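Everything below concerns the one structure shown next.
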Amino acid sequence: MYNHNDWLFTKLKKSVIKWKIMSTGRCFLMLRLFSSRIQQAKVTLTHNETELLRSLSAQAGVIPRATITELAQSVFSSPSTIHRLIRKLGFKGYTDFKVRVEDSLESELPLVLAQPNLLKITISSIEHTFRLNQGVIRDAARLFLAAERHYVYGTGWRQKQAVDNFSTDLLVYGESSITLRNKYDLGNAVKQMNEHSVLLFTSLSGNTDEYAATLQQAKLQKVSIISVTRDVSNPLSEISDVAIYFADDTNLQDNRHWPAITMSFSLEMLINEILNFQHE
Numbered sequence: 035m036y037n038h039n040d041w042l043f044t045k046l047k048k049s050v051i052k053w054k055i056m057s058t059g060r061c062f063l064m065l066r067l068f069s070s071r072i073q074q075a076k077v078t079l080t081h082n083e084t085e086l087l088r089s090l091s092a093q094a095g096v097i098p099r100a101t102i103t104e105l106a107q108s109v110f111s112s113p114s115t116i117h118r119l120i121r122k123l124g125f126k127g128y129t130d131f132k133v134r135v136e137d138s139l140e141s142e143l144p145l146v147l148a149q150p151n152l153l154k155i156t157i158s159s160i161e162h163t164f165r166l167n168q169g170v171i172r173d174a175a176r177l178f179l180a181a182e183r184h185y186v187y188g189t190g191w192r193q194k195q196a197v198d199n200f201s202t203d204l205l206v207y208g209e210s211s212i213t214l215r216n217k218y219d220l221g222n223a224v225k226q227m228n229e230h231s232v233l234l235f236t237s238l239s240g241n242t243d244e245y246a247a248t249l250q251q252a253k254l255q256k257v258s259i260i261s262v263t264r265d266v267s268n269p270l271s272e273i274s275d276v277a278i279y280f281a282d283d284t285n286l287q288d289n290r291h292w293p294a295i296t297m298s299f300s301l302e303m304l305i306n307e308i309l310n311f312q313h314e
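The sequence shown begins at 35 in the numbering used here and counts up by one.
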């Protein structure tokens, strides 16, 4: 049976293959995201909408940081046209669209060939992470245990997996925490937090642009914040009560695979210190 959407999407996919060379794989991530949305929304796209999706796919890397007006200019469209297409695909609005795109880019960065000295580099990075946190990990554990309610949040797919594992591991040892799945859960949860709450916030970059209002509210309500970020100066670490760092040389502007080993190790350090407190 002829399916108009299948035909349009096949055409879109062929176009995206051409764009892949210039956008280093990001088009395919967006293709997957848009394909899922088309199927869920059960919509029929026009030729112009399909062409606009192709253009948006090519701009995937800038979408998380661009306003809808800036994005419209880059794809030679209008904000209203983009907004209509976004809503047609089932997104709540442009902010929701940006968040979904950013999550897709963070969670599925293309793999690269392993370096010959990968083991040496990994061990060195873990050792560096250990040294970075020797002076603060006990403070972080003490702050975590002093709180009556514990919340954990990760900005991207790997971060979410890491904090989810952290929460599950601690539950085995009698320490419960609430894992916040997305920024909307985070925003709603912060409204219920107070000086007896602690928020473990994990991010690769430490960029707080998407969370500025939420984090400001958390600080006003005297919520304790433990940040877990890469070892660079960043806004999230600066506003945190205790900042945990992990060694990482990932260039956020390219598409290198991010193994996240050192991030997971920093959380293992925190778990170990929490357990040490329990046995004192």
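Idealized CB from N, CA, C, for every residue including glycine.
This one's a predicted model, so the numbers in the text were calculated from it and none came from an experiment.
Checklist entry - In chain order, which continuous runs of the alpha helix (DSSP H) of length 4 or greater are located wholly inside the region 203-269? => result Qualifying alpha helix (DSSP H) stretches, in chain order: 217-224, 246-254.
Checklist entry - In angstroms, rounded to a whole number, what distance separates the CA positions of residue 219 and residue 79? => result Along the sequence shown, read from residue 1 onward, the residue named residue 219 stands at position 185. Along the sequence shown, read from residue 1 onward, the residue named residue 79 stands at position 45. Just so you know, the alpha carbons of residue 219 and residue 79 end up roughly 31 angstroms apart.
Checklist entry - With respect to the beta strand (DSSP E) encompassing residue 313, which residues constitute its N-terminal and C-terminal limits? => result Along the sequence shown, one-based indexing puts residue 313 at 279. Per DSSP, residue 313 belongs to no beta strand (DSSP E) and is neither H nor E.
Next on the checklist: Helix, strand or coil for residue 125? Go by DSSP, reduced to three states.
Outcome noted: Residue mapping note: residue 125 aligns to position 91 of the sequence shown, counting from 1. Residue 125: coil per DSSP, three-state reduction.
Checklist entry - Which stretch, first to last residue, makes up the beta strand (DSSP E) that contains residue 277? => result Walking along the sequence shown from the start, residue 277 turns up at place 243. Here the beta strand (DSSP E) through residue 277 covers 276-280.
Checklist entry - Hey, how far is the Cα of residue 293 from the Cα of residue 224? => result Position 259 of the sequence shown, counting from 1, holds the residue named residue 293. Position 190 of the sequence shown, counting from 1, holds the residue named residue 224. Rounded to whole angstroms, the separation of the alpha carbons of residue 224 and residue 293 is 30 angstroms.
Next on the checklist: Measuring alpha carbon to alpha carbon, tell me which residue in 151, 136, 207, 154 is nearest residue 188.
Outcome noted: As a first step, residue 188 is located in the sequence shown; it is residue number 154 there, counting from the start. Checking every option, the nearest Cα to that of residue 188 belongs to 136.
Next on the checklist: Using only the alpha-carbon positions, how far apart do residue 272 and residue 236 sit?
Outcome noted: Position 238 of the sequence shown, counted from the first residue, corresponds to residue 272. Position 202 of the sequence shown, counted from the first residue, corresponds to residue 236. Computed Cα separation, rounded: 14 angstroms.
Checklist entry - Of all the options 170, 211, 138, which has the alpha carbon lying nearest to the alpha carbon of residue 97? => result Walking along the sequence shown from the start, residue 97 turns up at place 63. Comparing C-alpha distances from residue 97 to each of 170, 211, 138 shows the shortest one belongs to 138.
Checklist entry - Tell me which same chain residues have a C-beta within less than 7 angstroms of the C-beta of residue 242, skipping the five on either side of it? => result Residue 242 sits at position 208 when you count from the first residue of the sequence shown. Around residue 242: 249, 269, 270.
Checklist entry - Going by C-alpha distance, which of 127, 178, 103 is nearest residue 232? => result Numbered from 1 along the sequence shown, position 198 holds the residue referred to as residue 232. Residue 178 holds the alpha-carbon nearest to the alpha-carbon of residue 232 among 127, 178, 103.
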